Structure formats: C-alpha cells, structure tokens
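Read through the structure below, which is laid out as structure tokens, and then see the notes.
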C-alpha cells in the first residue's frame, strides 16, 4: 500500500515538478492546500489554466507576452537605440526592476551549450539577426551570466553585432556593492581589476 | 506599470499562497512552468482540481480520505486496541512511514490554543469521545508535539481517556538517535533523564 491515497499522490507528484520542491515540501504544500487553503488551491488551478492558455512568447523579443502588443517592444523603448540581451525572463525582470534601463530586450531563453544540443537556432539568434538588421539598434548590451556558457554566448553575440557595425557592450563584472574584498573570490577580483574605470 | 502582465501576476500571486514560497520562488516557479514544464503545469492544475473535488475528511479519524472506506479505519487496525492521537496529517504520515505502528489514528487538525479560538470542538474532541465510548480502545497513545500547546492538548486528552478507564501513554521525548549529549538542549536532556527506562 502506498503512503498516500491516489488523488493525494497525484497532487504531491505534480507539486514536486515545481523547481526546488522535494518530497517533504510537496507533502507540506498538499496538506496545507487541503487543510487551510482550499480557496487558494482553486485560484492556483485557475491561474495555471489561464496562464497556459493566454501567455505566449513575443515574436520580437521572445519574452512572455499575453497581449497583441508586447510591453517591452514599444516604439518609445526602441527610440534610445539600446538592445539588452539576457538569458532568461527572470534576468529581464531583474534588470527592469532594479535599474533605470528602459530600452528594448532580447531574451535568449538559454545559453549556447553544444553538448546539450543548444545552438544558435534554439536561442532564436536568426530572429536577433533580423532585429539587428532593422537598423534602429545603436548599441547591443550583453547581459548573459558570467559562466563559461554565458561568456561563450556573449562572444558569439558580440561577433554578430560587430559584423553589422553595431557598438557592443558587456555589463560590468566585479566586486558586488556591500561586498568585502577580503571575501570576494579570485575570479571576481581579477575581473574587477581588469575592468577598472578612470575616476 | 506593474512588473508582470496580468495573467503572469495572478499566477505568481497564486503560487505565493503555497507554504514557504516567497516572491522570488513564486516568480521562479511561474517562469519554470511556462518555459519548460507546460505539461507539468497542466497536470498540476488537474491534480489540484481532482484533489479539491475528491478528497474529504474521514468522519471517524479526521484524516484526509477519498474513498467510502478510510484506509486507516479498518477492522484489522482496530483489532489491536490502539488509538494514536496526532496533531496533523503530516504527523500521521511520519508515524505510518517511519514506524511499525499499524493501529488506528485520530487526527486533531490542530492543537488546543484558546488564544487563537481553538478549543475542544475545533479539534473534534466530541468525535474522539464517541470513538473512545465505542469500547474497542484499550490504549490511547498521545503523539502531540512537545510544545506548550501540544503538552496542554496531551493533558486534556489524557484526562478524557482516564475518565473512561482507558490506559494512556505519551510517546517518549529525549535525546534523538545519533544526537550528542553535549549539543542537546537542556529541556530535552531533562526529559530524557526523567523519562529513563530500566535496562
């Protein structure tokens, strides 16, 4: 006999597919929903259904989008001539939320990783090339993560932009604000030193 | 302009109602479901709907139950004459999963806490009294948590059983297996000493 009854088992298994949720958390969530949050559970099921049905991808920037017109691909945003390339939707949200940048974006939905079968086509780079060919982009800001794959992707993106005579920049990597030199790792410190700016 | 589009916002808000999920985790879950787990998301919505519709409470033990006959209230389980009283469904699962106990249960779905308006009626104690009056219970095993409210609840339960001439026991509290005396807190150590058993 399994520990749970069939429906409870299916609920717990489904919750485990959420990122960062193991068997214990899934059990806790299931019991919580059934015990104290039946209303919240109903809303969650509804919100998932609505989201699956109504949220697609913007054909231009590849960000999640649910309306005809993408909120990140407006003419006002294009006016500055900046295009920021990020790996995922969460990176876009972090930049939009934490900085004053209000230019256009391009979301790769991944990074170049030939071993996993992720090449330029999977990242929509032909679409990015078409975007660069539109002529309004004056600067490509590369904001991929400072990992091996992220750096390789950045190199590839930079070559694409340079081939079209477009200015390319990479966000700075160095000591984080509030960080202490003493506890910063060697790689970050090396980046901080080589990326020093005149004051 | 809010950070998210309306449907995405509703999905993130709904996910935040899960226990232990804050704004960052909820965003990560939502993006994960939309990006890589559309199939899993569909299953989750379905599983929640099924669970809400089909999972109720057993009228006898108050555990979650989805069939006519509760899997924890069988005649075989009653045969031993043991009734284990726990605070919540997770406690029942922990005992069922971790021990060889295969007697009956009673799930309080809480603990006595007059300040929060939780009295004997909210814990279904009249139902427990009726169960004790059925005559087959020979021993009540109290497995509430060793907190202030849990201990008060245990005292109340013990009085109920004693009034009916039924044997009462409390699960042991002491040094956990693999624990070291040096690092065990004073309260636990005091319990361990006063609850010592002859060898």
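Protein chains in written order, with the UniProt record's numbering: chain A, 1 to 199; chain B, 1 to 199.
Every residue gets a Cβ at the ideal spot worked out from N, C-alpha and C, and that includes glycine.
For clarity, every value in this text was computed on a predicted model and none was experimentally measured.
Q) Interface residues of chain B around residue 7(A) at Cβ under 7 Å? A) The residue given as residue 7(A) occupies position 7 in the first chain. One finds 50, 51, 54, 55, 66 in chain B with Cβ atoms closer than 7 Å to the Cβ of residue 7(A), taken in chain order.
(Q) Taking the beta strand (DSSP E) that residue 155(B) belongs to, which residues open and close that run? (A) As a first step, residue 155(B) must be located in the second chain, where it is residue number 155. Run containing residue 155(B): none in the beta strand (DSSP E); it sits in the alpha helix (DSSP H), 148-163.
Q: Below 9 Å between beta carbons is the criterion; list the residues of the segment 96-109 of chain A that meet it against any residue of chain C, in chain order.
A: The structure shown contains no chain C; the protein chains it does contain are A and B.
Q) Exposed or buried, what is residue 177(A) when buried is set at 16 or more other beta-carbons lying within 10 Å of its beta-carbon? A) Residue numbering aside, residue 177(A) sits at position 177 when the first chain is read from its first letter. That one is exposed.
Q. What are the residues of the segment 25-41 of chain B that lie near chain A, defined by any Cβ-Cβ distance shorter than 8 Å?
A. 25, 27, 28, 29, 30, 31, 32, 33, 34, 35, 37, 38, 40, 41
Q: Could you spell out where the beta strand (DSSP E) holding residue 141(A) opens and where it closes?
A: The sequence position of residue 141(A) within the first chain is 141, counting from 1. Note, residue 141(A): beta strand (DSSP E), 139-142.
Q: Please compile the residues from chain A whose C-beta is within a distance smaller than 9 Å of the C-beta of residue 3(B).
A: Here residue 3(B) refers to the residue found at position 3 when the second chain is read from its first residue. Ordered by position in chain A, the residues that pass the 9 Å Cβ test against residue 3(B) are 93, 96, 97.
Q. Taking 8 Å as the CB-CB limit, is residue 44(B) close to chain A?
A. Start at 1 with the first residue of the second chain, and residue 44(B) comes out as number 44. By this cut-off, residue 44(B) is an interface position.
Q. Which residues in chain B sit within 7 Å of residue 19(A), going by Cβ to Cβ distance?
A. Locating residue 19(A) in the first chain gives position 19, counting from the first residue. The contacting residues are 28, 29, 32.
Q: Would you mind sorting residue 137(A) into buried or exposed? The rule is 16 or more other CB atoms within 10 Å of its CB.
A: Here residue 137(A) corresponds to residue number 137 of the first chain, with the count starting at 1. With 16 or more Cβ atoms within 10 Å of its Cβ, residue 137(A) is classed as buried.
Q | C-alpha gap between residue 65(B) and residue 11(A), whole angstroms | A | On the second chain, position 65 is the one that residue 65(B) refers to. On the first chain, position 11 is the one that residue 11(A) refers to. In a straight line, the C-alpha of residue 65(B) is about 14 Å away from that of residue 11(A).
Q: Please name the residue or residues paired with residue 167(B) in a DSSP beta bridge.
A: The residue you call residue 167(B) lines up with position 167 of the second chain. Looking at the DSSP assignment, residue 167(B) forms a beta bridge with 139(B).
Q.
Taking 7 Å as the cut-off, is the C-beta of residue 40(A) nearer than that to any heavy atom in the ligand NAP?
A. The model on display carries no ligand, and the ligand NAP is accordingly not part of it.
(Q) In whole angstroms, give me the CA-to-CA distance for residue 108(B) and residue 169(B). (A) For the purposes of this step, residue 108(B) is taken as the residue at position 108 of the second chain. For the purposes of this step, residue 169(B) is taken as the residue at position 169 of the second chain. Approximately 17 Å, taken between the alpha carbons.
Q | Closer than 8 Å to chain A by CB, residue 176(B) | A | Locating residue 176(B) in the second chain gives position 176, counting from the first residue. No, because no Cβ of chain A sits closer than 8 Å to the Cβ of residue 176(B).
(Q) For residue 79(B), would you say it is in contact with chain A, using Cβ-to-Cβ distances shorter than 8 Å as the test? (A) The residue labelled residue 79(B) in the question sits at position 79 within the second chain. No, residue 79(B) lies away from the interface with chain A (no Cβ there is under 8 Å from its Cβ).
Q. Among residues of its own chain, excluding the 5 on either side of residue 103(B), which ones have a beta-carbon nearer than 7 Å to its beta-carbon?
A. Taking the first residue of the second chain as 1, we reach residue 103(B) at position 103. Counting only Cβ-Cβ distances below 7 Å, and skipping sequence neighbours, we find 77, 80, 82, 83, 84.
**Q.** Three-state secondary structure (DSSP) of residue 105(A)
**A.** For the purposes of this step, residue 105(A) is taken as residue 105 along the first chain, with counting starting at 1. Residue 105(A): strand per DSSP, three-state reduction.
Q) Does the count of Cβ pairs from the segment 183-193 of chain A and the segment 148-162 of chain A closer than 8 Å reach three? A) Put simply, the segment 183-193 of chain A does not touch the segment 148-162 of chain A. Fewer than three CB pairs are less than 8 Å apart.
(Q) List, in chain order, every chain A residue whose beta-carbon is nearer than 8 Å to that of residue 14(B). (A) Translated into the one-based positions of the second chain, residue 14(B) becomes position 14. Taking the beta carbon of residue 14(B) as reference, the chain A residues within 8 Å of it are 40, 43, 44, 46, 47, 48, listed in sequence order.
Q: Return the first residue and the last residue of the beta strand (DSSP E) that residue 93(B) is part of.
A: Locating residue 93(B) in the second chain gives position 93, where the first residue counts as 1. DSSP places residue 93(B) outside any beta strand (DSSP E); the residue lies instead in the alpha helix (DSSP H), whose first and last residues are 89-98.
Q | Among 58(A), 62(A), 48(A), the one whose alpha carbon lies nearest that of residue 68(A) | A | Looking up residue 68(A) in the first chain gives position 68. For the residues 58(A), 62(A), 48(A), the minimum Cα distance to residue 68(A) belongs to 58(A).
Q: List the residues of chain B whose Cβ lies closer than 7 Å to the Cβ of residue 117(A), in chain order.
A: What you label residue 117(A) is simply residue 117 of the first chain in a count that begins at 1. The premise fails here: residue 117(A) is roughly 15 Å from chain B at the closest Cβ pair, so nothing lies under 7 Å.
Q | Within chain A, partners of residue 10(B) - CB distance below 9 Å | A | On the second chain, position 10 is the one that residue 10(B) refers to. Chain A residues near residue 10(B): 43, 46, 47, 50, 51.
Q: Say whether the segment 18-36 of chain A touches the segment 85-95 of chain B, bearing in mind that this needs 3 or more beta-carbon pairs closer than 8 Å, one atom from each stretch.
A: With the cut-off at 8 Å, the segment 18-36 of chain A and the segment 85-95 of chain B touch.
Q. Quick one: which chain A residues come within Cβ less than 8 Å of residue 88(B)?
A. The residue you call residue 88(B) lines up with position 88 of the second chain. Within chain A, the residues near residue 88(B) are 31, 35.
Q) If you measure from the beta carbon of residue 111(B) to each beta carbon in chain A, is any gap under 8 Å? A) If you number the second chain from 1, residue 111(B) lands on position 111. No, residue 111(B) lies away from the interface with chain A (no Cβ there is under 8 Å from its Cβ).
Q) residue 49(B) by DSSP, collapsed to three states: which one? A) Locating residue 49(B) in the second chain gives position 49, counting from the first residue. Here residue 49(B) sits in helix by DSSP.
Q.
Short of 8 Å in beta carbon distance, which residues of its chain neighbour residue 70(B), apart from the five on each side in sequence? Order them along the chain.
A. For the purposes of this step, residue 70(B) is taken as residue 70 along the second chain, with counting starting at 1. Excluding positions up to five away in sequence, the list reads 58, 60, 61, 63.
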